[in-house]
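Trainee:
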Amino acid sequence: MKPQRLTALLALLIGLAVLALVLAGVPLTGTAPPGTAPAGASPTSMSQPSAARRGAPAAPRSIANASGLPEVRASELPAEARQTLALIARGGPYPYTRDDVTFGNFERLLPRKSSGYYKEYTVRTPGESDRGARRIVAGQAGEKYYTPDHYNSFKFIVEGK
7 MKPQRLTALL ALLIGLAVLA LVLAGVPLTG TAPPGTAPAG ASPTSMSQPS AARRGAPAAP
67 RSIANASGLP EVRASELPAE ARQTLALIAR GGPYPYTRDD VTFGNFERLL PRKSSGYYKE
127 YTVRTPGESD RGARRIVAGQ AGEKYYTPDH YNSFKFIVEG K
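Numbering-wise (this note's numbering), the sequence shown opens with residue 7 and increments by one.
This is the structure:
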């Protein structure tokens with residue numbers, strides 16, 4: 007076989023392998039997983055409203071900290087964070103359009119889960135003219151994390167008892 011044909015065949019096989027990986031949902035190096043924010047969007051979130059947020063508010067239940075992150079009791083959080091927890095429990099309405107959107111966990115500080123597993127919510131910061139840096143990130147299993155510094159660090163929120 008001629009070298010040009012071998013090169014073309016090799017390129018075709020590599021292209022098919024990449025296509026198979028993309029269709030299987032396997033993220034490629036240097037790319038965001040399928041369903042995550044496009045280039046130029048916020049690095050940690052994208053707008054996807056939650057379909058399962060409505061319903062009767064559930065009492066906070068005690069959830070185990072499987073993350074290994076430091077813990078903080080909900081009662082020890084700033085008042086604004088406790089207000090955000092109450093909004094999450096009620097299912098809204100949320101004061102910011104970027105609340106209740108998918109949190110991408112691109113920093114990989116939280117346990118790795120499938121795309122769309124985490125949602126983020128703004129914790130108001132007194133004196134800030136914008137959303138500020140504080141957030142609560144909630145997982146589908148009910149676990150919640152507080153970040154005072156815009157995703158540079160997280161604490162697992164201990165609710166209930």
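Idealized CB from N, CA, C, for every residue including glycine.
Using alpha carbons as the reference points, say which of Glu134, Arg137 and Ile142 lies closest to Lys125.
Mentor: Out of Glu134, Arg137 and Ile142, Ile142 has the C-alpha closest to the C-alpha of Lys125.
Trainee: What's the call for Ala87, buried or exposed, on a 16-neighbour Cβ count within 10 Å?
Mentor: By the 10 Å Cβ count, Ala87 comes out buried.
Trainee: Only counting the same chain, and skipping five residues up and downstream in sequence, which positions put a Cβ closer than 6 angstroms to that of Arg140?
Mentor: If we look at Arg140 and ignore the five residues flanking it on each side, its Cβ neighbours are Val129, Thr131 and Pro154.
Trainee: Whose C-alpha, out of Pro9, Ser73 and Ile69, is nearest the C-alpha of Ala159?
Mentor: It is Ser, not Ala, that sits at residue 159 in the sequence shown. For the residues Pro9, Ser73 and Ile69, the minimum Cα distance to Ser159 belongs to Ser73.
Trainee: Along the chain, which unbroken stretches of the alpha helix (DSSP H) at least 4 residues long are found entirely within the stretch 83 to 133?
Mentor: Counting only runs of 4 or more, we get 85 to 96.
Trainee: Would you tell me roughly how many angstroms separate the C-alpha atoms of Ser68 and Tyr151, rounded to the nearest one?
Mentor: Cα to Cα, Ser68 sits roughly 13 angstroms from Tyr151.
Trainee: In terms of residue numbering, what span does the beta strand (DSSP E) encompassing Ile163 cover?
Mentor: Run containing Ile163: Lys161 to Val164, per the beta strand (DSSP E) assignment.
Trainee: Kindly indicate which residue of Leu12, His156 and Ala144 has the alpha-carbon position closest to the one of Ile163.
Mentor: Checked all of Leu12, His156 and Ala144; the closest Cα to Ile163 is Ala144.
Trainee: Near Tyr100, which residues of its chain fall below 8 angstroms by C-beta distance, leaving aside the five closest residues on each side in sequence?
Mentor: Excluding positions up to five away in sequence, the list reads Leu93, Asp106, Tyr127 and Thr128.
Trainee: Mind reading off the beta-carbon distance from Lys161 to Pro76? Whole number of angstroms is fine, and I expect it under 8 angstroms.
Mentor: Sure, about 5 angstroms apart at Cβ, within 8 angstroms.
Trainee: Since Gly145 sits in a beta bridge, which residues does DSSP pair it with?
Mentor: BP columns for Gly145 point to Tyr124.
Trainee: When the Cα atoms are used, what is the spatial distance from Gln89 to Ile20?
Mentor: Approximately 52 angstroms, taken between the alpha carbons.
Trainee: Are the beta-carbon atoms belonging to Ala80 and Glu149 less than 7 angstroms from one another?
Mentor: The answer is no: Cβ separation not under 7 angstroms.
Trainee: Closest to Tyr157 by C-alpha separation, out of Arg137, Glu113, Val78 and Leu12, would be which residue?
Mentor: Answer by Cα proximity: Glu113.
Trainee: Could you please give the first and the last residue of the uninterrupted beta strand (DSSP E) stretch that includes Tyr152?
Mentor: Counting along the chain, the beta strand (DSSP E) containing Tyr152 begins and ends at Lys150 to Thr153.
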